[in-house]
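Chains as they are written, first to last, in my numbering: chain A, 3 to 148; chain B, 695 to 1334. All C-beta atoms, glycine included, are put in the ideal place defined by N, C-alpha and C. A quick write-up on the structure given underneath.
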Amino acid sequence: MDCKVILLVEDNPRDEALTMRALKKSNVCNEVVVARDGVEALDYLFGDGTSAGREMREMPQLILLDLKLPKVDGLQVLEKIRATEHTRRLPVVVFTSSSEEEDLINSYNLGANSYVRKPVDFDQFLEATKQLGLYWLVLNLPAATE
Amino acid sequence: MRRTVSIYCRQFDALFRINNRRALRVASNVMTQPRTSLLRYGVVVITVGLALLVTLQVDLLADRTPFSLFLAAVIISTWYGGRNPGLLAIALSALVCSYFIIRPRSSPGLEDDVMRVGAFIFLSLLVSFLTSARQQSEQSLRESEKRYRLLFDSNPLPMWVFDRETLRFLAVNKAATQCYGYSRNEFLSMTIKDIRPAEDVPGLLTALKNLSVELDDAGVWRHRKKDGTVIDVEITTHAIIFDDRHAELVLANDVTERKRNEEMVVRLAGIVESSEDAIFSKTLDGVITSWNKGAERLYGYSAAEIVGHSVSVLLPHARKGDLTRILERLSRGERIEHFETTRLKKSGEQMEVSLTISTIKNSSGTIIGASTIARDITERKRAEEQIRRLNETLEQRVAERTTQLEAANKELEAFSYSVSHDLRAPLRHINGFSQALLEDYADKLDEEGKGFLQELRGASHEMAQLIDDMLQLARVSRSEMRREVVNLSEIAHEVMAALRKGDRERAVVINIEEGLVAPGDKGLLRAMLRNLLGNAWKFTSKLALAEIAFGKDQKDGETFYFVRDNGAGFDMTYVNKLFGAFQRLHTANEFEGTGVGLATVQRIISRHGGRVWAEGTIGQGATFSFTLPDFIGGETWTAK
């Protein structure tokens, strides 16, 4: 199985740990690249800053994007992804604490593929992660990156 | 008028004195027949002929007093035909008497016969003269009677004569019958008390005692007509002798209208005089002609001081020009209404007044002056100024408060957003790591330790629920309302379907009335029904067979909706606590919950302009009712 990268954009190390645990428990084998704020995420995607010189052919198969991030927030990251030719077709799942109407509308308006609220209960969290992995990494067919 | 009445009364008095001689009245009746000359002279021939025949038949008469019957014929002829037939009767009697009676009987003494005839002629002439003189005086009396009766009968003013002792009417004229509505006969069967309102009778009786013999101006009295109408009449009386009785001749003049007008004038004058407003009149040259008490108070001038002077003394120097303009407009017949200007008091102080000036016309419609109503509006102007200032500061204060509110609202939104994002994360971590401990370190924990970790997870779960409910409550209050027709039945079906899905094992009879629609915000109404039906679902969870109903009903003409269940119910003692946020009537052990749901329901219903109430009995279920008025007040609706 050709395991592509998952880009997890998450500033909170505890959430990162829980997400990694849940992904592992869901038998997701993909490499997970963690970006701890919006800038890091964009650097990774566009080969700038800390990610300068990265092999740009490698694009993540799925981006799990938190909204509330330091420096550049999740919606700005999403906007940039959709505005750039070689990233615009990447599947982006907004994975966040909030279920504010405003966040939902803005995310979909900017072209999020999905919006999943992180459940407080870990069993439900695990279930959500499993479903996400199954759908976006197995069932969903992404457009080929050039 | 009075003098005419006086003269009239004297003549009338005289008339009635003579008129009372009945015999004369009979005679005058006979005499009033019209006679032709033929009849008058025929009577002469017949009476003289009859006298001759009778005298010839009765010898004794012919011998002793041959002229006696002829004298009677002369009297009758004169009485019947007048002077000329009388003379003819004398001549004819002298002739036939000499020829048929005297001459055949007496041959010796011619002189004696001539003397007898001469005496007869003399006597006859005397009798004839007296009779015709008497007759003429009777004739003129008849005419005079006729004239004065006409004066009484056809007098345009009601008149009557009444007996001073019995108070009965003795005579009434036509005007009286017309004015009072009683026929002549009805009048003659009544007393003068009968044409008065009962309460006036004692006063009448007192007044009658004081009546003088002469002409009396009895003043204005109230009389009652046959139809009950009470009129005001001015009465003039005069004592007379009528049919040998002491009587009063009365002349009544209906002054109801005049009195009413007078009263109106008095009343109007009273109104003007007692008015708080200054009211005065002036000529078209601006000369003041009247000045009421209000004007005295307002301007400080007394009526005596200012009447006859020009209104220009009331105008401050800067306003002198007003006068010509106002007078011009008035002479064109225009009315000046609520003209706000400045005027001078006698003290020299200026004041703000509102003037209304209208023209005064005489009865032929010519403008002869103007009346001014002036009101001091200095106070009002001051109050207006104050209100204007207050309004200005009020607007400023409102603007400030709005800014503050907007800021507070923004803060609240930011707060909610932060709560939504940041408050849940630590809970998730507590929950997640507790679970990680349970999974990865199960062998190092005893059962109690595992139990504590489960409690941690439960607590974090509960708090997350609480946060979600609070966020919903906050959202319900600040979200914008959309107006649309919402199908409540449909929403109820959806909500119940979702609840059933969560627990398919339960036996629940669900009864939802179809076709319930109401105006409102669909999202909010859905949240409201989710809470109410969710409660019903929750509080019937311990029953073998739950019953949940949603429907519509009416009470006192008001339509309301209800959600009814047969579940745990509640104690009505605490009904007022039911809708408060974080208020719970059940322990968490019995039924879980945060106590925010019904607060949310109430918030939603009140935003729709309706009200919500609850009825329940412990163990027998609860009913939650709410209204959704067609017209939504209070909340600004935005078109969908």
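Residue i at chain A interface by Cβ criterion, 8 Å
i, result
"Ala1153(B)", "no"
"Gln1314(B)", "no"
"Leu1121(B)", "yes"
"Gln1148(B)", "no"
"Tyr1135(B)", "no"
"Arg1118(B)", "yes"
"Asn1108(B)", "The question names Asn, but residue 1108(B) in the sequence shown is Ala. False, the Cβ-Cβ gap to chain A never drops below 8 Å."
"Ala1130(B)", "yes"
"Ala1201(B)", "no"
"Ala1221(B)", "no"
"Ala1158(B)", "yes"
"Lys1334(B)", "Low local confidence applies: a pLDDT of 36 at Lys1334(B) is under 50, so the model's placement there is unreliable, and no value is given."
"Tyr1408(B)", "Given that chain B is displayed from residue 695 to residue 1334, the structure contains no residue 1408(B) and the question cannot be resolved."
Within chain A, the residues that residue i reaches when beta carbons sit closer than 7 Å
i, result
"Asn1125(B)", "Val122, Asp123 and Phe124"
"Tyr1255(B)", "Chain A residues near Tyr1255(B): none, gap ~26 Å exceeds 7 Å."
C-beta contact flag for residue i and residue j at 8 Å
i, j, result
"Asn1337(B)", "Ala1240(B)", "In the structure as shown, chain B starts at 695 and stops at 1334, and residue 1337(B) therefore has no counterpart that could be examined."
"Gly780(B)", "Ser826(B)", "yes"
"Thr1321(B)", "Gly1310(B)", "no"
"Ala54(A)", "Val11(A)", "no"
"Leu1008(B)", "Arg1037(B)", "yes"
"Asp13(A)", "Asp39(A)", "yes"
"Leu1223(B)", "Ile1161(B)", "no"
"Ala1308(B)", "His1280(B)", "no"
"Leu765(B)", "Leu819(B)", "no"
"Thr1053(B)", "His1032(B)", "no"
"Val1211(B)", "Val1189(B)", "no"
"Asn986(B)", "Glu967(B)", "yes"
"Val74(A)", "Val118(A)", "no"
"Arg56(A)", "His1123(B)", "no"
"Val949(B)", "Glu928(B)", "yes"
"Leu20(A)", "Gly1126(B)", "yes"
"Ile1298(B)", "Asp1265(B)", "no"
Residue-chain proximity (residue i, chain B), Cβ-Cβ < 8 Å
i, result
"Ser99(A)", "yes"
"Ala130(A)", "no"
"Phe127(A)", "yes"
"Leu20(A)", "yes"
"Asn14(A)", "yes"
"Asp17(A)", "yes"
"Arg23(A)", "yes"
Partner residues on chain A for residue i, Cβ-Cβ distance less than 8 Å
i, result
"Arg1301(B)", "Residues of chain A passing the Cβ test: none, with the nearest at roughly 17 Å."
Interface residues of chain A facing residue i [CB-CB closer than 9 Å]
i, result
"Ser1114(B)", "Ser99, Ser100, Ser101, Glu102 and Asp105"
"Ala1262(B)", "Under the 9 Å cutoff, chain A gives no residues; its nearest Cβ is about 27 Å from Ala1262(B)."
Contacts of residue i in chain B (Cβ-Cβ under 8 Å)
i, result
"Lys70(A)", "His1115 and Asp1116"
Assumed close pair residue i, residue j - CB separation to whole angstroms, cut-off 8 Å
i, j, result
"Ser762(B)", "Leu754(B)", "Incorrect: roughly 11 Å between the Cβ atoms, too far for contact."
"Leu978(B)", "Leu1021(B)", "6 Å"
"Gly1217(B)", "Ser1183(B)", "That pair is no contact at about 17 Å."
"Ser100(A)", "Leu69(A)", "7 Å"
"Gly994(B)", "Lys1040(B)", "3 Å"
"Glu81(A)", "Leu112(A)", "5 Å"
Contact with chain D by residue i, beta-carbon distance below 8 Å
i, result
"Arg862(B)", "Among the protein chains of the structure shown, namely A and B, there is no chain D."
Open item on the list: Does the region 65-72 of chain A come into contact with the region 93-110 of chain A, if we say contact requires no fewer than three beta-carbon pairs (one atom in each stretch) closer than 8 Å?
Closed with: Yes: the two stretches touch, three or more of their Cβ pairs being nearer than 8 Å.
Open item on the list: Taking 8 Å as the cut-off, does the region 1001-1008 of chain B touch the region 978-986 of chain B (at least 3 CB pairs, one atom from each stretch)?
Closed with: Below 8 Å, enough C-beta pairs join the region 978-986 of chain B and the region 1001-1008 of chain B to call them touching: three or more.
Task: contact_flag[the region 768-779 of chain B, the region 734-741 of chain B] where n(CB pairs < 8 Å) is 3 or more - done: A contact exists between the region 768-779 of chain B and the region 734-741 of chain B.
Open item on the list: Contact between the region 1135-1143 of chain B and the region 32-39 of chain A is defined here as three or more beta-carbon pairs at a separation below 8 Å; is this criterion met?
Closed with: Judged by pairs of C-beta atoms under 8 Å, the region 1135-1143 of chain B does not touch the region 32-39 of chain A, as fewer than three such pairs exist.
Open item on the list: Under 8 Å, with one C-beta from each stretch per pair, do the region 927-946 of chain B and the region 850-859 of chain B reach the 3-pair mark?
Closed with: With a cut-off of 8 Å, the region 850-859 of chain B and the region 927-946 of chain B count as touching, because enough Cβ pairs lie within range.
Task: Stretch-stretch touch, CB-based, cutoff 8 Å, three pairs: the region 125-136 of chain A with the region 1157-1173 of chain B - done: These segments do not touch.
Open item on the list: Within 8 Å, do at least three Cβ pairs link the region 913-925 of chain B to the region 887-899 of chain B?
Closed with: Because the criterion of three Cβ pairs below 8 Å is met, the region 887-899 of chain B and the region 913-925 of chain B touch.
Open item on the list: So, does the region 1143-1160 of chain B touch the region 1117-1132 of chain B, judging by three or more C-beta pairs under 8 Å?
Closed with: The region 1143-1160 of chain B makes contact with the region 1117-1132 of chain B; the number of CB pairs closer than 8 Å reaches 3 or more.
Open item on the list: Would the region 1243-1252 of chain B count as touching the region 1205-1225 of chain B if we require 3 or more Cβ pairs under 8 Å?
Closed with: Contact annotation: the region 1243-1252 of chain B touches the region 1205-1225 of chain B, with at least three C-beta pairs closer than 8 Å.
Open item on the list: Using a Cβ distance threshold of 8 Å, determine whether the region 857-876 of chain B contacts the region 919-931 of chain B, with at least three qualifying pairs required.
Closed with: Touching, yes, given that three or more Cβ pairs across the two stretches are closer than 8 Å.
Open item on the list: For the region 1168-1178 of chain B against the region 1095-1115 of chain B, do three or more pairs of beta-carbon atoms, one drawn from each stretch, fall closer than 8 Å, so that the two count as touching?
Closed with: By the Cβ test, the region 1168-1178 of chain B is in contact with the region 1095-1115 of chain B, since at least three Cβ pairs between them sit closer than 8 Å.
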